[in-house]
Amino acid sequence: MHDVTASGWLEFLNMRTTKNPFSSPNSNEPDRLGEIYRAAAEIICDKGYDATSMNDIAEAVGITKAGLYHHISGKRNLLFRIMNFGLDSLEEQVIVPAGAIADAEQRLRAIITNHVQLITSRSTPRGNNPITIVVDEVAGLAPAHRRKVDQRKRVYVNLIRDTLKELKAQGRLRDIDITAASFSLLGMILWLSRWYNPKGRLTPEQISKEVTSMALSGILRPRTRRARR
187 MHDVTASGWL
197 EFLNMRTTKN
207 PFSSPNSNEP
217 DRLGEIYRAA
227 AEIICDKGYD
237 ATSMNDIAEA
247 VGITKAGLYH
257 HISGKRNLLF
267 RIMNFGLDSL
277 EEQVIVPAGA
287 IADAEQRLRA
297 IITNHVQLIT
307 SRSTPRGNNP
317 ITIVVDEVAG
327 LAPAHRRKVD
337 QRKRVYVNLI
347 RDTLKELKAQ
357 GRLRDIDITA
367 ASFSLLGMIL
377 WLSRWYNPKG
387 RLTPEQISKE
397 VTSMALSGIL
407 RPRTRRARR
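Quick look at the structure:
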């Protein structure tokens, strides 16, 4: 794995080697929890966190409120779990694969492409990605949980920032501010969760190609003929 984010990756690896406090010996539990998280996220997107009740969520997944409390201790805990569920997917499908790529330009391309594919593949028929949206709704978290979520997000931001720093050192980056570029890129990708409609004319593959092309064109200097050879 490349060594552009030593402190961030150490932090990330420590998190991944810590036993998941939500794990269960029941092999069906992860699927059931995923169903609960997705249903709850969709309701929260529709009604807002404060207006969403445990009854709403129980009805959406077809279980009793008591049955829901068998899986979840309360609404605030549920919000934290939804965020971890989304961040786990981000780590597994975006951060880890991209982190294994030595070439900075190819790494950046993988970050964009994989993240776009993650969002579009999880979009609902109604045209949004509730998990991705809810991951940014941190106001309802307990302070300790918010710090943990922010810590996990920071690892990803650091991967992007340090990849751009590496490209700048290679003379491949346009004359742009790295912080502005990092968060603009993230905003471009994350906003897909609010507007992409899987029933629309653009396929996930087309969206991925378009977003990747636009992002790289805005971030990287055009290659000279000599560089292309």
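Residue 187 is where the sequence shown starts when you use this note's numbering, and the numbers rise one by one after that. Built from N, CA and C at the ideal position, the CB exists for glycine as well.
Run of the alpha helix (DSSP H) containing residue i, from where it starts to where it stops
i	result
L406	L406 -> no alpha helix (DSSP H), and no H or E assigned at all.
Q303	290-307
L327	Unbroken run through L327: none, as it is neither H nor E.
R262	261-276
Y255	251-257
P283	282-285
T318	316-320
N242	For the sequence presented, residue 242 should be read as Asp rather than Asn. Taken as a continuous stretch (DSSP letters only), the alpha helix (DSSP H) holding D242 covers 240-247.
Beta-carbon separation (whole angstroms), residue i vs residue j, contact threshold 8 Å
i	j	result
P283	N300	6 Å
H257	L219	6 Å
I362	R347	About 12 Å separates the two Cβ atoms, so there is no contact after all.
V280	I297	6 Å
L345	G260	Not really, about 33 Å apart at Cβ, beyond 8 Å.
Beta-carbon spacing of residue i, residue j below 8 Å
i	j	result
R295	L359	no
S144	V397	The requested residue 144 does not occur in the structure, where the chain is confined to residues 187 to 415.
R293	T349	yes
V247	E221	yes
S394	V302	yes
Y223	T306	no
Y235	G357	no
A290	E352	yes
R409	A328	no
A226	L276	no
S379	T318	yes
Can you confirm whether the region 366-374 touches the region 391-409 when touching is taken to mean that 3 or more C-beta pairs between the two stretches lie within less than 8 Å? yes
Between the region 335-353 and the region 260-276, are three or more C-beta pairs nearer than 8 Å? yes
At 3 residues or longer, what runs of the beta strand (DSSP E) sit wholly inside the region 361-400? none
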